[in-house]
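Trainee: I am attaching a structure below and will ask some questions about it afterwards.
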Amino acid sequence: MRSALIRRVAEGREVSLLCAGFGVALFLWWRLLGIPMPATLGRMLPAAWLLAALLAPRGKGPSPGVLLPLPLLSLCILTLWGSGRLVLLVGSAACLAGLAPVLLHTVRSRAGLLRALVPLAVPIVSLPLFSGDEPYNLAMAESLVRDGDLSIDNNLRQLDSHARVTPFYADLEGGVSHTQPLFPLLLLPGLPLGIPGVRAISLLIALMGAAVIGRMVRESGGGSSGQAWGLAALLLFPGISILGMAYPGWAATLLLAGGVWLGWQRRLSLPLLFVICVLMAALKIRFAPLALGLGLLWLLDRGSGRLRMLFACVGLLLLVLLVDRFLLGGRFVWARYLNAGTVRVIVYRTLDPRWLAWIALAPLGLILDAEQGLLFRAPWILLAPVGLFLQWRKDRRLALWLLVPAALYVLSIVVWLPREWHGAPTPAGRLLVPLVPLLIVTGARSLESGRGRALIALSVLISSLNLLFPGLRLNHADGSDVLVGMIEESTGLHYTRLLPSVVRPQASCLILWSVACAAALIAVCRKRRDLAALSLAGAALIGVGASARQTSLEAEDATGSQRFGGELFPASPDPFVRTLWFGSPERLLRLSDPLDRLILPQDMLAGGSGSLRVRAVSYSPDPDVRWGLSIDDGDSSRVVFFRSEPLPPPSWAVWVRAGRGDRRDLAGAYAGPGNLRDTLISLSFDPGAERLVISAVSDPGPGSRTGSPDPEEGIYLDRLDVR
2 MRSALIRRVA EGREVSLLCA GFGVALFLWW RLLGIPMPAT LGRMLPAAWL
52 LAALLAPRGK GPSPGVLLPL PLLSLCILTL WGSGRLVLLV GSAACLAGLA
102 PVLLHTVRSR AGLLRALVPL AVPIVSLPLF SGDEPYNLAM AESLVRDGDL
152 SIDNNLRQLD SHARVTPFYA DLEGGVSHTQ PLFPLLLLPG LPLGIPGVRA
202 ISLLIALMGA AVIGRMVRES GGGSSGQAWG LAALLLFPGI SILGMAYPGW
252 AATLLLAGGV WLGWQRRLSL PLLFVICVLM AALKIRFAPL ALGLGLLWLL
302 DRGSGRLRML FACVGLLLLV LLVDRFLLGG RFVWARYLNA GTVRVIVYRT
352 LDPRWLAWIA LAPLGLILDA EQGLLFRAPW ILLAPVGLFL QWRKDRRLAL
402 WLLVPAALYV LSIVVWLPRE WHGAPTPAGR LLVPLVPLLI VTGARSLESG
452 RGRALIALSV LISSLNLLFP GLRLNHADGS DVLVGMIEES TGLHYTRLLP
502 SVVRPQASCL ILWSVACAAA LIAVCRKRRD LAALSLAGAA LIGVGASARQ
552 TSLEAEDATG SQRFGGELFP ASPDPFVRTL WFGSPERLLR LSDPLDRLIL
602 PQDMLAGGSG SLRVRAVSYS PDPDVRWGLS IDDGDSSRVV FFRSEPLPPP
652 SWAVWVRAGR GDRRDLAGAY AGPGNLRDTL ISLSFDPGAE RLVISAVSDP
702 GPGSRTGSPD PEEGIYLDRL DVR
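Residue numbers (our numbering): 2 to 724.
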């Protein structure tokens with residue numbers, strides 16, 4: 002009788018029992034082995050499994066053969082945690098990724114999207130760093146409540162009575178901040194609870210956006226998979242990039258998804274369109290192209306009354322601009338965007354040849370850049386082109402409503418921010434969250450046709466890694482990825498030089514990865530089931546290439562055994578410090594002290610012909626002081642003195658700042674090592690040398706100089722190639 006009772010209680014709850022069992026086992030295993038972070042991940046991961054057990058619906062779910070392999074594998078990996086941080090990262094990510102079948106089982110139940118998200122809510126809200134625009138948004142929310150104004154320079158007292166927010170570098174005088182008040186107003190209900198409360202509100206906003214996207218998938222032919230795709234919108238890149246963080250990206254995505262859904266069903270009236278568009282622009286002017294896309298599509302639907310509606314839309318737009326100009330003092334649009342200076346910048350800068358090169362490179366970076374591009378964080382985006390084609394054939398109307406706003410938004414990003422499209426050092430993919438509706442609907446259409454399951458599985462694992470370790474999303478636009486750096490440190494292999502970068506663009510690398518991306522896309526189109534095998538083969542090929550002899554070195558990547566002294570320039574990794582550099586924005590390695598050394602080891606020199614090419618900059622504000630590069634191969638040393646030329650300022654800066662009639666040289670206004678032209682130096686060395694020691698010397702030599710050198714003068718190394 003007891004066994005019958007147990008069987009009745011357990012009937013239909015196999016998934017819950019397995020989840021609860023693994024949650025307890027993981028908790029005990031974590032403490033038994035002394036795995037690091039027992040108070041955070043050691044509790045959050047078991048708690049996620051236990052919550053999933055409580056919320057999983059009764060009934061048939063994933064079989065143990067589907068549910069158990071990844072969790073058990075994660076325990077095996079975590080057993081080796083003493084091998085390094087990389088093992089801890091991979092083991093923890095595999096453990097969380099193992100929840101995916103349970104969450105997909107849960108999301109199909111009543112209120113399934115909310116129930117599926119609850120087990121992950123704690124790490125989503127609590128683990129990300131408080132960074133980027135979050136302090137500004139929270140300070141603005143507090144200012145609205147406590148001070149009754151829009152000045153944020155005396156706020157954040159809700160968190161710390163001594164806290165202050167320094168003005169953003171682009172803030173204008175008169176209290177005109179780049180932070181607009183609409184999104185902070187939405188955060189007010191969570192303000193009494195501080196950062197966790199504000200992030201909980203952001204998570205709810207994202208949840209509503211995902212619900213609308215899921216319904217769109219369901220009504221466009223996705224059937225019961227709509228809820229699952231709503232969950233995917235939240236937990237896959239780029240949606241997970243700012244999930245639960247105090248950024249307005251998901252609020253704009255909610256408005257976009259609602260506008261697309263209503264427009265697709267011909268239920269979008271002019272007043273409702275007006276409200277959606279105004280709210281989008283009020284969240285952030287950056288989202289105005291999304292509103293423009295919705296407006297253009299709505300006008301195309303008007304038929305014979307199109308011209309009359311166009312005049313109505315223009316009239317409403319003028320009304321908004323006049324209200325801002327005369328009732329609000331122009332603080333939202335006119336002060337920043339509709340003034341003569343901004344218009345001149347847009348026109349002249351966009352036509353500048355140097356800027357056009359960055360604009361042309363930016364779309365490639367959106368996909369391929371190893372630091373900020375989507376391919377390495379969301380391989381599932383390869384489903385989008387195939388899915389868009391299938392969606393176009395099935396329902397051209399929905400495809401247009403999804404594609405046009407997204408295309409205008411991307412175009413505005415790459416034209417206005419061709420060097421800052423990534424938004425670094427804030428989370429990778431932050432600016433691309435409004436692309437989620439397009440990616441999700443087209444991804445669903447592609448997967449429905451039997452394509453891309455391996456890409457989805459790989460993306461789930463990557464998203465799990467970034468959810469548990471949010472610091473991996475934060476790069477500094479310096480050409481090196483945080484995770485890749487950890488892999489290099491753990492394995493001793495050199496992967497960074499094999500990955501594409503728009504900060505350090507190499508034509509051969511970009512072409513190779515473009516071809517590889519095209520090949521993977523063809524495999525998806527042809528429903529190739531050996532895609533996973535091809536991926537493994539590609540990874541092995543990259544590993545072989547990384548283990549090959551290193552013949553080049555980006556000086557700023559030099560490790561502790563290669564570099565003695567010296568300092569990175571600029572010292573701050575924040576890419577905003579490099580925004581006014583005319584050339585490449587990558588960081589440099591400064592050698593100025595007589596004891597500063599860069600050492601190239603024998604394994605890098607082996608097989609070379611005895612020639613070293615160095616890209617460097619020599620800088621001194623004193624025209625009588627020369628700096629040179631010294632190379633010592635053990636038997637002899639050579640010194641080459643040189644002075645680098647300043648890069649000419651871009652033509653748009655001359656026209657905008659100096660005026661069309663005054664073409665004075667503006668180089669002096671931007672003097673510094675970052676705006677000097679790289680000098681290419683060739684030096685010979687003994688091919689049999691065990692190492693090369695590279696240092697900087699000044700003329701007539703550091704020993705004969707009196708006083709301290711200028712804080713910035715010296716030799717700045719960029720790249721070294723052994724030939």
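Glycine included, each C-beta is placed from N, C-alpha and C at the ideal position. Bear in mind that the values here come from a model prediction, so they are computed numbers and not experimental data.
Is it the case that the region 220 to 227 contacts the region 450 to 465, given that we only count it when at least three CB pairs across the two stretches are under 8 Å?
Mentor: Verdict: no, contact absent.
Trainee: So the beta strand (DSSP E) TYR717 belongs to, where does it begin and stop?
Mentor: Counting along the chain, the beta strand (DSSP E) containing TYR717 begins and ends at 715 to 723.
Trainee: Just the Cα atoms here: how many angstroms apart are LEU105 and LEU27?
Mentor: For LEU105 and LEU27, the distance between alpha carbons rounds to 21 Å.
Trainee: With H, G and I counted as helix, E and B as strand and the rest as coil, what does DSSP make of PRO712?
Mentor: Here PRO712 sits in coil by DSSP.
Trainee: Just list the beta strand (DSSP E) runs in the region 564 to 611, keeping only unbroken ones of 3 residues or longer that don't cross its boundaries, in chain order.
Mentor: As far as the region 564 to 611 is concerned, its whole beta strand (DSSP E) runs of at least 3 residues are 568 to 570, 589 to 592, 598 to 602.
Trainee: Measure the Cβ-Cβ separation of THR492 and SER481 and say whether it is below 7 Å.
Mentor: Taking 7 Å as the Cβ cut-off, THR492 and SER481 do not qualify as a contacting pair.
Trainee: What residue ranges within the region 202 to 267 form continuous alpha helix (DSSP H) runs of no fewer than 4 residues, ordered along the chain?
Mentor: DSSP runs (the alpha helix (DSSP H)) wholly in the region 202 to 267: 227 to 236, 250 to 265.
Trainee: Kindly indicate which three-state DSSP category ALA690 falls into: helix, strand or coil?
Mentor: Three-state result, ALA690: coil.
Trainee: What does the alpha-carbon distance come out to for the pair TRP335 and LEU362?
Mentor: Their Cα atoms are separated by approximately 31 Å.
Trainee: Among the candidates SER270, ARG147, SER553, GLY388, whose CA atom is the shortest distance from the CA of GLN507?
Mentor: Selected option, being the one with the closest Cα: SER553.
Trainee: Put SER727 into one of helix, strand or coil per three-state DSSP.
Mentor: No answer is possible for residue 727: the residues shown for the chain start at 2 and end at 724.
Trainee: Pick helix, strand or coil for PHE390, following the three-state DSSP scheme.
Mentor: Helix at PHE390.
Trainee: Using only CA atoms, which one of LEU589, ALA400, LEU194 lies nearest to SER573?
Mentor: The shortest Cα separation from SER573 among LEU589, ALA400, LEU194 belongs to LEU589.
Trainee: Are the Cβ atoms of LEU280 and LEU256 separated by less than 7 Å?
Mentor: Yes, the Cβ-Cβ distance between LEU280 and LEU256 is below 7 Å.
Trainee: How about LYS285 and PRO249: are their beta carbons less than 7 Å apart?
Mentor: Yes, they are a contact pair.
Trainee: Determine the DSSP secondary structure at GLU555, reduced to helix, strand or coil.
Mentor: Strand, per DSSP.
Trainee: Can you say whether PRO471 is buried or exposed, counting buried as having 16 or more other CB atoms within 10 angstroms of its CB?
Mentor: PRO471 comes out buried.
Trainee: Write down the C-beta distance between LEU68 and VAL103 rounded to the nearest angstrom, noting that I regard them as a contact closer than 8 Å.
Mentor: Confirmed, Cβ separation roughly 7 Å.
Trainee: Find out if the Cβ-Cβ distance for the pair ALA282, ALA289 is shorter than 7 Å.
Mentor: Cβ atoms of ALA282 and ALA289: closer than 7 Å.
Trainee: Under the rule that 16 or more other beta-carbon atoms within 10 Å means buried, what is CYS278, buried or exposed?
Mentor: It is buried - the Cβ of CYS278 has at least 16 other Cβ atoms within 10 Å.
Trainee: With C-beta atoms as the reference, is ARG724 less than 7 Å away from GLU555?
Mentor: Contact: no.
Trainee: Just the C-alpha distance for GLN737 and ARG267, rounded to the nearest angstrom, thanks.
Mentor: The chain is shown only over 2 to 724; residue 737 falls outside these bounds and no answer can be derived.
Trainee: Within the same chain, show all residues whose beta-carbon is closer than 7 Å to that of PRO380, passing over the 5 residues directly before and after it, in chain order.
Mentor: Same-chain partners within the cutoff: LEU456, LEU459, SER460.
Trainee: Mind checking whether the beta-carbon of LEU183 lies closer than 6 Å to any heavy atom of the ligand GDP?
Mentor: Ligands displayed in this structure: none; no statement on the ligand GDP is therefore possible.
Trainee: Output the distance between the C-alpha atoms of LEU648 and ILE682, rounded to the nearest integer angstrom.
Mentor: C-alpha separation (whole angstroms): 18 Å.
Trainee: Report the rounded CA-to-CA distance for LEU684 versus PRO624, giving the unit in angstroms.
Mentor: So the two alpha carbons sit approximately 25 Å from each other.
Trainee: What is the rounded straight-line gap between the Cα of THR343 and the Cα of TRP582?
Mentor: Each residue's alpha carbon lies about 20 Å from the other.
Trainee: Evaluate VAL348 with the Cβ neighbour count: other Cβ atoms within 10 Å of its Cβ, from every protein chain shown; 16 or more gives buried, anything less gives exposed.
Mentor: Per the 10 Å Cβ criterion, exposed.
Trainee: Count the other C-beta atoms from every protein chain shown that fall within 10 angstroms of the C-beta of PHE686, then say buried if there are 16 or more, exposed otherwise.
Mentor: By the neighbour-count rule (16 or more Cβ atoms within 10 Å), PHE686 is buried.
Trainee: If PRO571 and GLU714 are in contact, beta carbons under 8 Å, what's the gap, nearest whole angstrom?
Mentor: Going by Cβ atoms, the distance from PRO571 to GLU714 rounds to 15 Å, so no, they are not a contact pair.
Trainee: Under three-state DSSP, which class holds SER631?
Mentor: If DSSP states are grouped into helix, strand and coil, SER631 belongs with the strands.
Trainee: For LEU130, which of helix, strand or coil comes out of DSSP?
Mentor: Coil.
Trainee: Flag this pair as touching only if the region 27 to 44 and the region 83 to 101 have three or more C-beta atom pairs under 8 Å; answer yes or no.
Mentor: Yes: the two stretches touch, three or more of their Cβ pairs being nearer than 8 Å.
Trainee: Distance check for ALA385 and ARG394, CA to CA, integer angstroms please.
Mentor: Distance between the alpha carbons of ARG394 and ALA385 is about 14 Å.
Trainee: Could you give the residue range of the alpha helix (DSSP H) that holds ARG86?
Mentor: Where ARG86 is concerned, the enclosing alpha helix (DSSP H) stretches over 86 to 98.
Trainee: Considering only residues of the same chain and omitting the five flanking positions on each side of LEU189, which have a CB-CB separation below 8 Å?
Mentor: Within the same chain, LEU189 has close Cβ partners ALA142, LEU145, VAL146.
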